[in-house]
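This note's numbering puts the first residue of the sequence shown at 2, with every later residue one more than the last.
Beta carbons are placed, not taken as given, at the ideal position from N, Cα and C, and that holds for glycine.
So the structure is just underneath, and the comments pick up after that.
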Amino acid sequence: MTNTTMPERNNEGFLEDARDWTEDVAATIAAEDGMELTEKHWEIIEFLRSFYKEHEISPPSNRLFVKAVKEALGEDRGNSIYLMQLFPGTPAKTACRIAGLPRPTNCL
2 MTNTTMPERN
12 NEGFLEDARD
22 WTEDVAATIA
32 AEDGMELTEK
42 HWEIIEFLRS
52 FYKEHEISPP
62 SNRLFVKAVK
72 EALGEDRGNS
82 IYLMQLFPGT
92 PAKTACRIAG
102 LPRPTNCL
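Listed below in structure tokens is the structure:
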């Protein structure tokens, strides 16, 4: 990973401007959480960024996040256990933060 200059973020670590996101920024945010991004992570991150581009909103809750992943990528990826293993804590919130997207509206 290169020495990345981090864009402005809010107090929860979400980018102030989603257009500032790069793969290096994602890797840096993930590393702050002790995560190293794998192909499995990138698949979900790319899905989220496409979802945001199409709908102009992050999946608003974990339940809708899981449902959207299931519809797009199948049952093996669209289940809460798989997503919690990849993105510990609150998967929708963690994944959106790493993907450079706004905080999901209904995630604590």
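Residue range of the alpha helix (DSSP H) that includes residue i
| i | result |
| --- | --- |
| Leu74 | Asn63 to Leu74 |
| Ala96 | Pro92 to Ile99 |
| Phe48 | Glu40 to His56 |
| Ser81 | Ser81 to Leu87 |
| Thr29 | Glu24 to Glu33 |
Residue i - partner residues in DSSP beta bridges
| i | result |
| --- | --- |
| Leu102 | DSSP, once it has assigned bridges, lists no residue as partnering Leu102. |
Per-residue DSSP class, three states only, for residue i
| i | result |
| --- | --- |
| Arg10 | strand |
| Leu109 | Reliability of the predicted coordinates at Leu109 is poor, the pLDDT of 49 falling under 50, and no value is obtained from them. |
| Ala19 | helix |
| Asp77 | coil |
| Met2 | The predicted model places Met2 with a pLDDT of 47, which falls under 50 and marks its position as unreliable; any figure quoted below should be read in that light. Correct three-state label for Met2: coil. |
(message) With a threshold of 8 Å, are at least 3 pairs of Cβ atoms found where one atom belongs to the segment 92–102 and the other to the segment 10–29?
(response) Three or more pairs of CB atoms, one per stretch, sit closer than 8 Å, so the segment 92–102 contacts the segment 10–29.
(message) Taking 8 Å as the cut-off, does the segment 68–78 touch the segment 36–49 (at least 3 CB pairs, one atom from each stretch)?
(response) In the pairwise beta carbon analysis, the segment 36–49 is classified as touching the segment 68–78: at least three pairs are separated by under 8 Å.
(message) I'd like to know if the segment 61–70 and the segment 25–40 are in contact, where contact means that at least 3 CB-CB pairs between them fall below 8 Å.
(response) Three or more beta-carbon pairs separated by less than 8 Å are not found between the segment 61–70 and the segment 25–40, which leaves the two stretches without contact.
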